[in-house]
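For reference, the structure is listed below as structure tokens.
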Amino acid sequence: MLSHLFIKNFTIVDQLELELDEGLTALTGETGAGKSILLDALGLTLGDRATGDVVRNGADKAEIAVSFNIDGMATVHAWLDEHELDEDGDCLLRRVVQNNGRSKAYINGRPVPLQLLRELGEQLVDIHGQHEHQSMMRRDIQRTILDAFAESADELKQLAELHTRHRGIETELQNLAGGHDDAAARAELLRYQLAELEALTLEPEAIAELDEEHRRLSNAGELLQSAHSLLEMLYDNEASAQSTLGQARRELEAQAPNDPVFAEVHGMVEQALVQLEEGVDSLRRHVDRLDLDPARLQALDDQIATLNDLARKHRVRTDELIDVREQIRKELHALENAEETVASLKKEQDQILSSYTTTAAHLTKLRETAAENLSMQVTAGLQELGMQGAAFRIALMPMDDDSITPHGRDRISFEVRTNAGQDFGPMSRIASGGELSRISLAIQVVAADGTTIPTLIFDEADVGIGGGVAEVVGRQLRRLGRSHQVLCVTHLPQVASQAHQHLQVRKTSDADSTVSTVAPLNDQARVQEIARMLGGMEITRATLEHAQEMVSRAAAG
7 MLSHLFIKNF
17 TIVDQLELEL
27 DEGLTALTGE
37 TGAGKSILLD
47 ALGLTLGDRA
57 TGDVVRNGAD
67 KAEIAVSFNI
77 DGMATVHAWL
87 DEHELDEDGD
97 CLLRRVVQNN
107 GRSKAYINGR
117 PVPLQLLREL
127 GEQLVDIHGQ
137 HEHQSMMRRD
147 IQRTILDAFA
157 ESADELKQLA
167 ELHTRHRGIE
177 TELQNLAGGH
187 DDAAARAELL
197 RYQLAELEAL
207 TLEPEAIAEL
217 DEEHRRLSNA
227 GELLQSAHSL
237 LEMLYDNEAS
247 AQSTLGQARR
257 ELEAQAPNDP
267 VFAEVHGMVE
277 QALVQLEEGV
287 DSLRRHVDRL
297 DLDPARLQAL
307 DDQIATLNDL
317 ARKHRVRTDE
327 LIDVREQIRK
337 ELHALENAEE
347 TVASLKKEQD
357 QILSSYTTTA
367 AHLTKLRETA
377 AENLSMQVTA
387 GLQELGMQGA
397 AFRIALMPMD
407 DDSITPHGRD
417 RISFEVRTNA
427 GQDFGPMSRI
437 ASGGELSRIS
447 LAIQVVAADG
457 TTIPTLIFDE
467 ADVGIGGGVA
477 EVVGRQLRRL
487 GRSHQVLCVT
497 HLPQVASQAH
507 QHLQVRKTSD
517 ADSTVSTVAP
527 LNDQARVQEI
537 ARMLGGMEIT
547 RATLEHAQEM
557 VSRAAAG
């Protein structure tokens, strides 16, 4: 679960730290106070795209960090271990955004690509937005909700991989069928390119050795001159370091019997002379190895120039030429053995089709079971939300052909009826705006209850709902908080009163700046906030008593 949140210099937030609890947490505040800022900041740590305008005016960068308690989350630990990011204790996600729009992402203190942050975030937090009822009318969103409820990630991954390979084979077969003359010309070009590459040693170690030898020969003259100068200074004349140290040694040796300090320094100078002689010997041996060989240097220049020319020709780096060579070999082999290659590709294509059909059929069965369970639970939820006689179902229909898609062979449609005796129809056609809000919320609550993701966030998902229905929504979210950590941005006192923890967002302004703050409320302050939500700015004794009654009733269960 999300245990700690730190935000600094983010939009109108100067700096804040929050400790978050288990259960249902309500986030409330006046309109425009910045309730969604908290979720926007959290979204950045989960991999959302960043722009420079999120940095607070006058600051160089914004920083957001979150800690998650991942005890018992084996899949998260396995993912972190796979990417060499696992650490003892909480999992720390951090994002730093510069005011020029550039950003850096970190997991457990180590820099990572944004995609990895996003992958991990999807395992830790599930966000349900205030416009979910609009996106939920899209078929792809409906399919995603059903597949998540069916826990079919493995099957979908297999289908996506089979789909990708099938498309690749189709492309290869089309290329091979492009015409004999084109194939012959292509093969001739590939042979020429391969001969160019095979004339060179492209292994990374060989290229590194080539660069090293070239650098040494290029600097050989300067190195020799410097070495001779150093030998003169160290050893080869009367004023050398060796001569000076020798004279000092003799003087110290004469005085050593008279003073222990002189004796100690004498030993140090003796050691310095030994090290000096070793250094001089090493330098002389190196001088003997240094070679002024213009012909060899020219040959190395030519080899490096050829490597760079070929790298530019193939639009790669020199260390990638070895991959280009292997790709050319593979394509040339396929062209020279076209009939055999076509037969092999078609055989693989048949195997892919068979595997795809089996996996897609298994996915359909998973979806059918999940659709039945989800439909039953959502229908029950609709009754709780005051939609008596309403029902929800998920229709699965086979596609018209045996096409291969990344998502299987089912067409999925969320259908409702709002009154008993009515026919079922698509959500967008059957339900009104208010009904859509309740249907969407019922689906979200049921789908969230079935997820293994520990933290669920509802960003004003209760929009368009009020009265007694709002109290039911609050109870449903509180019940959801028994098995998950639930954060809910809400404007409804009926929902806020059900929370185990209550956070209030406030915005203050002066002539120079505007600042948004977030703070947990104690029991008394919480009653005051719910009273404000009930009655606006004017809080009366009656609204305070009503607010206290709502909080007490929620706590009593």
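Count the sequence shown with my numbering and you get residues 7 to 563, in order. Ideal Cβ positions, reconstructed from N, Cα and C, are used throughout, including at glycine. None of these values were measured; they are calculated from a predicted model.
- Apart from sequence neighbours up to five positions away, the residues of its chain that approach histidine 234 with a beta-carbon distance below 8 Å are Val293, ordered along the chain.
- Looking from the CA of aspartate 160, the closest CA among Leu498, Val451, Leu540 and Pro412 belongs to Pro412.
- The beta carbon of glycine 29 sits closer than 6 Å to the beta carbons of Gly487 and His506 from its chain, once the five residues preceding and following it are set aside; these are given in chain order.
- Taking a contact as a CB-CB distance under 8 Å, the pair glutamate 128 and asparagine 114 does not count as one, their CB atoms being some 17 Å apart.
- Secondary structure at glutamate 535: helix, using DSSP grouped into helix, strand and coil.
- Boundaries of the beta strand (DSSP E) harbouring phenylalanine 420: 416 to 423, taken from the DSSP string.
- Bounds of the alpha helix (DSSP H) holding isoleucine 147 are 145 to 156.
- Burial state of tyrosine 198 is exposed, judged by a 10 Å Cβ sphere holding fewer than 16 other Cβ atoms.
- One thing to note: leucine 369 has its Cβ within 8 Å of the Cβ of serine 158.
- A contact between stretches requires three or more CB pairs, one per stretch, nearer than 8 Å, and the stretch 496 to 514 meets this requirement with the stretch 526 to 540.
- A straight-line Cα-Cα distance of about 43 Å links glutamate 202 and arginine 124.
- For the beta strand (DSSP E) assignment, the uninterrupted runs of no fewer than 3 residues enclosed by the stretch 489 to 524 are, from N- to C-terminal side, 491 to 495 and 507 to 515.
- The beta-carbon separation of threonine 51 and valine 72, rounded to 5 Å, stays under the 8 Å limit for a contact.
- Annotated three-state conformation of tyrosine 198 is helix, per DSSP.
- Rounded to whole angstroms, the gap between the alpha carbons of arginine 331 and leucine 338 is 10 Å.
- Residue pairing by DSSP puts histidine 134 in a beta bridge opposite Phe464.
- Inter-segment contact for the stretch 99 to 110 and the stretch 21 to 28 is absent: fewer than three beta-carbon pairs are separated by less than 8 Å.
- Boundaries of the alpha helix (DSSP H) around glutamine 333: 327 to 342.
- If you draw a straight line from the Cα of methionine 393 to the Cα of aspartate 465, it is about 23 Å long.
- Here the alpha carbon of alanine 245 sits roughly 25 Å from the alpha carbon of alanine 269.
- With 16 or more neighbouring CB atoms inside 10 Å of its own CB, serine 446 falls in the buried class.
- Unbroken alpha helix (DSSP H) runs of no fewer than 4 residues, entirely contained in the stretch 264 to 333, are found at 266 to 295 and 300 to 320, following chain order.
- Secondary structure of aspartate 455 (DSSP, three-state): helix.
- Close CB contacts of alanine 247 within its chain, under the 8 Å cut and outside five residues either way in sequence, are with Met239, Leu240, Tyr241 and Leu282 (chain order).
- At the C-beta level, methionine 7 and proline 460 come within 8 Å of one another.
- Leaving aside the five residues that flank arginine 171 on each side, the residues in its chain whose CB is nearer than 7 Å to its CB run, in chain order, Ile358.
- In this structure, the straight-line span from the alpha carbon of glutamine 148 to that of histidine 508 is close to 32 Å.
- Every beta strand (DSSP E) stretch that sits fully inside the stretch 374 to 416 and reaches 3 residues is listed by chain position as 397 to 404.
- Sequence-distant Cβ neighbours of alanine 366 in its own chain, meaning closer than 6 Å and more than five residues away, are Gly414 and Arg415.
- The way I'd put it, the stretch 37 to 44 doesn't touch the stretch 525 to 537; fewer than three beta-carbon pairs between them come closer than 8 Å.
- Bounds of the beta strand (DSSP E) holding glycine 35 are 30 to 35.
- Separation of the CB atoms of valine 533 and valine 557 is rounded to 6 Å, and the pair is thereby assigned contact status at 8 Å.
- A Cβ-Cβ contact shorter than 8 Å links glutamate 354 with isoleucine 175.
- Of the other Cβ atoms in all chains shown, 16 or more fall within 10 Å of the Cβ of glycine 49; this residue is therefore buried.
- The shortest C-alpha to C-alpha distance from methionine 405 to any of Phe398, Ser419 and Ala397 is the one to Ser419.
- By the CB criterion at 8 Å, leucine 380 and valine 479 fall outside the cutoff.
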